[in-house]
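Scroll down for the structure; my scribbles are underneath it.
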Amino acid sequence: MTVQFHDQHLSAEALDQIFREARSYNGWLDKEVSDEQLHSIYELMKMGPTSANMQPARVVWVKSDEAKAKLVACVSEGNKAKVEAAPVTAIIGYDIDFHEELPWLFPHTDAKSWFEGDEEGRKEGAFRNSALQGAYLMIAARALGLDCGPMSGFDAAAVEKAFFADDPRHRVNFICSIGYGDKTSIFGRSPRPDFDKFNEIA
């Protein structure tokens, strides 16, 4: 079967870098990630679509020794060494009250009114869309030549107390280490299903 793509599609090398050859790293090379690189990741990440442009993600880039120590105390035993060794670990959180920003983020209509009085709906939307933004963050980091190590093994209440105490309406979704991956820290890729296994075209 001949598959035709848009003329502007990425090269095979770029797709390998972002998807096919990219891995989730457990160890890191002793190589710095600059603040400028973090800004570059965000500038790409923010362009990904979210519902009504709600942009609910609130990211803490854990980089200093002091911040790392705080985060290490919040993660599971198996993740402590990963956070300690990583140049940066991003805490991808979300703002339950994201709707307060909608007058300027989505100025076409009164989108703020859609979410007022519905905190449970806001929590669901913020969690879903911040997860999307976390995925955009990972794709952006990989596109910029960095590696990622996403993790969910942490005490959410402890992370929120340590990093979101001044913003009590913020919650944590997941965390993701970023840097230059140590290839000796990964094992063989786990199986990936063929299209027909979990898909149907209706």
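Heads up: the sequence shown begins at 1 in the UniProt record's numbering, then just goes up one per residue.
Cβ coordinates follow ideal geometry from the N, Cα and C atoms, glycine included.
Bear in mind the structure is a predicted one, so any value in this text is a computation, not a measurement.
(Q) With distance defined between alpha-carbon atoms, name the residue in Ala12, Asp118 and Ala22 nearest to Ser190. (A) For the residues Ala12, Asp118 and Ala22, the minimum Cα distance to Ser190 belongs to Ala22.
Q) Under three-state DSSP, which class holds Asn79? A) Note: Asn79 maps to helix in three-state DSSP.
Q: Identify, in the order they occur along the chain, each residue of the same chain with its Cβ nearer than 6 Å to the Cβ of Asp182, setting aside the five sequence neighbours on each side.
A: Gly27, Trp28 and Leu29
Q. How many whole angstroms separate the CB atoms of Pro56 and Ile178, which I take to be in contact at a CB cut-off of 8 Å?
A. Between Ile178 and Pro56 the Cβ distance is about 20 Å, and since that is not below 8 Å, they are no contact.
Q) Taking the alpha-carbon positions, what's the Glu116 to Tyr94 distance? A) 17 Å
Q. Do Gly145 and Ile92 come within 8 Å of each other at the CB atom, strictly closer than that value?
A. Cβ distance not < 8 Å, so Ile92 and Gly145 don't count as in contact.
**Q.** Presumed contact (8 Å Cβ cut-off) between Met54 and Leu102, rounded CB distance
**A.** 7 Å
Q.
Give me, in chain order, the residues of the same chain whose beta-carbon lies closer than 7 Å to that of Arg171; leave out the 5 immediate sequence neighbours on both sides.
A. Gly93, Tyr94, Ile96 and Glu160
Q | Pairwise C-alpha distance: Glu119 and Lys31 | A | 42 Å
(Q) Taking the alpha-carbon of Gly78 as reference, which of Ala143, Ser113, Asp155 and Asp167 has the nearest alpha-carbon? (A) Asp155
(Q) Do Lys68 and Val83 have their beta-carbon atoms positioned less than 8 Å apart in this structure? (A) yes
Q) Along the chain, which unbroken stretches of the beta strand (DSSP E) at least 3 residues long are found entirely within the region 20 to 101? A) 57 to 62 and 88 to 95
Q. Using the beta-carbon count (16 or more within 10 Å), is Arg20 buried or exposed?
A. exposed
**Q.** Neighbourhood of Val60 by C-beta, 6 Å cutoff - its chain only, sequence neighbours within 5 removed
**A.** Ile91 and Phe163
Q: Within 10 angstroms of the Cβ of His99, are there 16 or more other Cβ atoms? Answer buried if so, exposed if not.
A: buried
Q: Within the same chain, show all residues whose beta-carbon is closer than 8 Å to that of Arg122, passing over the 5 residues directly before and after it, in chain order.
A: Ile96, Asp97, Phe98, His99 and Phe115
**Q.** Buried or exposed by the 16-neighbour rule on C-beta atoms within 10 Å, applied to Asp147
**A.** buried
Q) Count the other CB atoms within 10 Å of the CB of Gly125; is the residue buried (16 or more) or exposed (fewer)? A) buried
Q) Who are Pro150's beta bridge partners in DSSP? A) Cys176
Q | Inter-residue Cα distance where the pair is Ile142 and Ile201 | A | Here residue 142 is Arg; the residue named in the question, Ile, does not match the sequence. Between Arg142 and Ile201, the C-alpha separation is close to 30 Å.
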